[in-house]
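One structure is given below, encoded as structure tokens.
There are 2 protein chains.
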Amino acid sequence: MNREIQLIQRPDGTPTHEHLDIVEADAQQPENGEVLVQLLYVSVDPYMRGRMNDAKSYVAPFQLHEPIEGGVVAQVVESKAEAFSVGDIVTGSLQWREVTVASADSIRKVDPSLGSVTTSLGILGMPGLTAYFGLIDIGKPTEGETLVVSGAAGAVGSTVVQIGKLLGCYVVGIAGSDDKTSYIVNELGADAAINYKTEDVAESLQNACPNGVDIYFDNVGGQISDHVYPLLNKFARITQCGAIASYNVPNDQGPRMQMHLIKSSATIKGFVVGDYQNRFKEGFEHLSKWLKGGKLTYEETIHEGFENIPDAFFGLFKGDNTGKQLIKVSNSQ
Amino acid sequence: MNREIQLIQRPDGTPTHEHLDIVEADAQQPENGEVLVQLLYVSVDPYMRGRMNDAKSYVAPFQLHEPIEGGVVAQVVESKAEAFSVGDIVTGSLQWREVTVASADSIRKVDPSLGSVTTSLGILGMPGLTAYFGLIDIGKPTEGETLVVSGAAGAVGSTVVQIGKLLGCYVVGIAGSDDKTSYIVNELGADAAINYKTEDVAESLQNACPNGVDIYFDNVGGQISDHVYPLLNKFARITQCGAIASYNVPNDQGPRMQMHLIKSSATIKGFVVGDYQNRFKEGFEHLSKWLKGGKLTYEETIHEGFENIPDAFFGLFKGDNTGKQLIKVSNSQ
Chain A
1 MNREIQLIQR
11 PDGTPTHEHL
21 DIVEADAQQP
31 ENGEVLVQLL
41 YVSVDPYMRG
51 RMNDAKSYVA
61 PFQLHEPIEG
71 GVVAQVVESK
81 AEAFSVGDIV
91 TGSLQWREVT
101 VASADSIRKV
111 DPSLGSVTTS
121 LGILGMPGLT
131 AYFGLIDIGK
141 PTEGETLVVS
151 GAAGAVGSTV
161 VQIGKLLGCY
171 VVGIAGSDDK
181 TSYIVNELGA
191 DAAINYKTED
201 VAESLQNACP
211 NGVDIYFDNV
221 GGQISDHVYP
231 LLNKFARITQ
241 CGAIASYNVP
251 NDQGPRMQMH
261 LIKSSATIKG
271 FVVGDYQNRF
281 KEGFEHLSKW
291 LKGGKLTYEE
301 TIHEGFENIP
311 DAFFGLFKGD
321 NTGKQLIKVS
331 NSQ
Chain B
334 MNREIQLIQR
344 PDGTPTHEHL
354 DIVEADAQQP
364 ENGEVLVQLL
374 YVSVDPYMRG
384 RMNDAKSYVA
394 PFQLHEPIEG
404 GVVAQVVESK
414 AEAFSVGDIV
424 TGSLQWREVT
434 VASADSIRKV
444 DPSLGSVTTS
454 LGILGMPGLT
464 AYFGLIDIGK
474 PTEGETLVVS
484 GAAGAVGSTV
494 VQIGKLLGCY
504 VVGIAGSDDK
514 TSYIVNELGA
524 DAAINYKTED
534 VAESLQNACP
544 NGVDIYFDNV
554 GGQISDHVYP
564 LLNKFARITQ
574 CGAIASYNVP
584 NDQGPRMQMH
594 LIKSSATIKG
604 FVVGDYQNRF
614 KEGFEHLSKW
624 LKGGKLTYEE
634 TIHEGFENIP
644 DAFFGLFKGD
654 NTGKQLIKVS
664 NSQ
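Chains A and B supply the protein sequences, listed in that same order. Residue numbers for the first sequence follow the working numbering, so the first one is 1 and each next one is one higher. Residue numbers for the second sequence follow the working numbering, so the first one is 334 and each next one is one higher.
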């Protein structure tokens, strides 16, 4: 039996099992230029929530009664494409179907001899590149500047914290548990970390940032960001990478923040990693070099079982994961 | 008798006569390096509202029981500074006192032979330079792009509209009366204008911007901006020049807008004209050339009488003015 996970209803708020269904898949047969692959690891990422809405965005919405699509690592089980052989490990954005057809140009090979293949979904994949370009290109960090990172224990945030330290910044991470704040300081090397669920964020931020905030790498938006804006230094830069606090809150309201930008001549720039597609090689080379040199570390939270993908996805919005959230869906490799 | 206008109470909301008082001034005596001047024209500008709050910002707050300070044109009546002679017309940021002392380095001469001296408070002064740098440096307009301007009939906005047209943009102005929208289209040359007080702004914007919005020069913030954000094109730029809709609303709330920035990879940059101090000459030269060449026009709303300065200032927040709001306080010239 082959299974797939379909979007069966669009969520207004927080996604639940009402919105996703696991159903039996139609027979899969690769044509010329395609391969048949077995999924090994599935990545769940906060940005995927946006594709559940029927709204114009930087990627097309998921279609109702069609499978969800996202980052995966898979193994080729049948090939009708010259570039791929049976047994190859590949990565790409594919539908959530245990055994599925992929066109050759939608996947690329992963070399398992270079380390865990899961890094292609994390620190050497989309989240790592997101951290790299968002911090380097928009944050423009210079030595001694104060960098605040929200969602700092997540796949993107944990990489931002470490690159910030590599570049000589004073780094403050914000996350939602004491385990995460310990991880941010002790494993990632941040100078300070704030538990937004137990601390007075405004007060803790002021204490942790005596010289104000020069760069804010924002993965969350919402009330946490409300407390960062008043601390912005002149010419501060905000990397607006995500806004997970608003994803499940229709018409989310908060204090207007334009006046903070005027007062500090600050910049906010939104982005998606695809904006940097023609520079992926540069980002990948830096991240690989740092990783090999022991300058970067990463964490993975790995669940098991294709049927557990939905819960792992829902868990992102409860802050269940530290580092990259993955689901191991097959032992084939 | 010599009078001055003091801040006697800090407003929480909209400023009124409760907050300003006209009082008799102490004797004014210039020291070496100073001049005594008689104010001719006083400029009232929305940014001055921010200085009434006791909060850290890009300029120090006004002090209680001290005169308000702002842009003026004045005439030298006594000089103890080499660079200035009796009769010289000067401009600078001075206290609201009919006859007042000014240090030589806080003022500069205005050449009345080049045109109306009031342009040094408008199109060739702070508002003109604000329009120039905010549009050129942050908006980065290119031919054929769609530029939306809020507060488009004001001193800054009316200049932005015209520079936008000079650079080949498709320009849509937003303002608060039919007289203003007529002015924006017929005098300033905008392609379309929207009366936000009588029209459905979301609908009118969509109709006026069939190709989306590439540049948003924002003087107002608030609900008008809420309707612009969803129309932003990929890599749109927002010049956050002002947020007059929020100035008198403590803790102003509205829809969070971070997700719009992510969806469109858009940038918002706040600024104040002082950020460009070392490029004022460039801006002044462009504005002067365009003005002389008949490529730029400007409007002034001029009230008379020192005692009417407060009402003219309050009127800014009701949208009373078209173009630059000035008060003529003396006929000395």
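All C-beta atoms in this analysis are idealised placements derived from N, C-alpha and C, irrespective of residue type, glycine included. Given the structure is predicted, the values throughout are model-derived calculations rather than measurements.
Mind checking if residue i is an interface residue toward chain B, Cβ cutoff 8 Å exclusive?
i	result
A/Arg49	no
A/Gly221	yes
A/Lys140	no
A/Ile8	no
A/Gln325	no
A/Ser120	no
Can you check whether the C-beta of residue i is within less than 8 Å of a C-beta belonging to chain A?
i	result
B/Arg589	yes
B/Thr600	yes
B/Ser390	yes
B/Ser483	no
B/Val605	yes
B/Met592	yes
B/Asn386	no
B/Ser586	Rather than Ser, the amino acid found at residue 586 of chain B in this sequence is Gln. Yes - at least one Cβ of chain A is within 8 Å of the one on B/Gln586.
B/Ile595	yes
B/Gly467	no
B/Gly626	no
B/Gln573	yes
B/Ala576	yes
B/Ser579	yes
B/Asp608	yes
Rounding to the nearest angstrom, what Cα-Cα distance links residue i and residue j in this structure?
i	j	result
A/Ile89	A/Gln95	16 Å
B/Leu565	A/Ala55	14 Å
B/Glu367	B/Lys442	14 Å
B/Glu399	B/Glu364	20 Å
A/Met52	B/Gly455	50 Å
A/Thr119	B/Thr347	56 Å
B/Ile577	B/Asp551	10 Å
A/Ala74	B/Gly484	55 Å
A/Pro127	B/Gln591	19 Å
A/Thr16	A/Tyr276	32 Å
B/His675	B/Leu468	Nothing about residue 675 of chain B can be read from this structure; chain B reaches only from 334 to 666.
B/Gly425	B/Ile401	14 Å
A/Phe133	A/Val273	7 Å
A/Gly242	A/Glu4	28 Å
A/Ile138	A/Lys269	7 Å
A/Tyr58	B/Lys596	6 Å
B/Ala416	B/Val410	14 Å
A/Asn308	A/Val249	24 Å
B/Leu538	A/Phe306	46 Å
B/Gln396	B/Asp345	15 Å
Problem - Start-end ranges of the beta strand (DSSP E) lying completely within the segment 256-281 of chain A, minimum 3 residues - result: 267-270
Problem - beta strand (DSSP E) runs wholly inside the segment 16-76 of chain A, at least 3 long, in chain order - result: 20-24 and 34-43
Practice task
Please confirm if the segment 31-49 of chain A is in contact with the segment 99-110 of chain A, defined as three or more CB-CB distances below 8 Å between the two stretches.
Solution key: yes
Practice task
Spell out a yes or no on whether the segment 586-596 of chain B and the segment 558-575 of chain B are touching, meaning 3 or more CB-CB pairs, one atom from each, closer than 8 Å.
Solution key: yes
Exercise for the section: Taking a Cβ distance cut-off of 9 Å, strictly less, list which residues of the segment 57-80 of chain A are near chain B, in chain order. Expected result: Ser57 and Tyr58
Handout entry: Given 8 Å, three or more beta-carbon pairs between the segment 375-385 of chain B and the segment 617-625 of chain B
Key = no
Exercise for the section: Mind checking the segment 204-217 of chain A against chain D and listing, in chain order, the residues whose C-beta falls within less than 9 Å of any C-beta there? Expected result: In the displayed structure, chain D is absent; the protein chains listed are A and B.
Exercise for the section: Identify every run of the alpha helix (DSSP H) within the segment 85-140 of chain A, keeping only runs that are complete inside it and at least 4 residues long; order them along the chain. Expected result: 126-133
Practice task
Check whether the segment 480-490 of chain B touches the segment 648-658 of chain B, taking contact to mean three or more Cβ pairs, one atom from each stretch, closer than 8 Å.
Solution key: yes
Exercise for the section: Say whether the segment 467-482 of chain B touches the segment 501-513 of chain B, bearing in mind that this needs 3 or more beta-carbon pairs closer than 8 Å, one atom from each stretch. Expected result: yes
Exercise for the section: Check whether the segment 506-517 of chain B touches the segment 530-540 of chain B, taking contact to mean three or more Cβ pairs, one atom from each stretch, closer than 8 Å. Expected result: yes
Handout entry: Segments of 4+ residues assigned as alpha helix (DSSP H) that fall wholly inside the segment 617-661 of chain B
Key = 642-649
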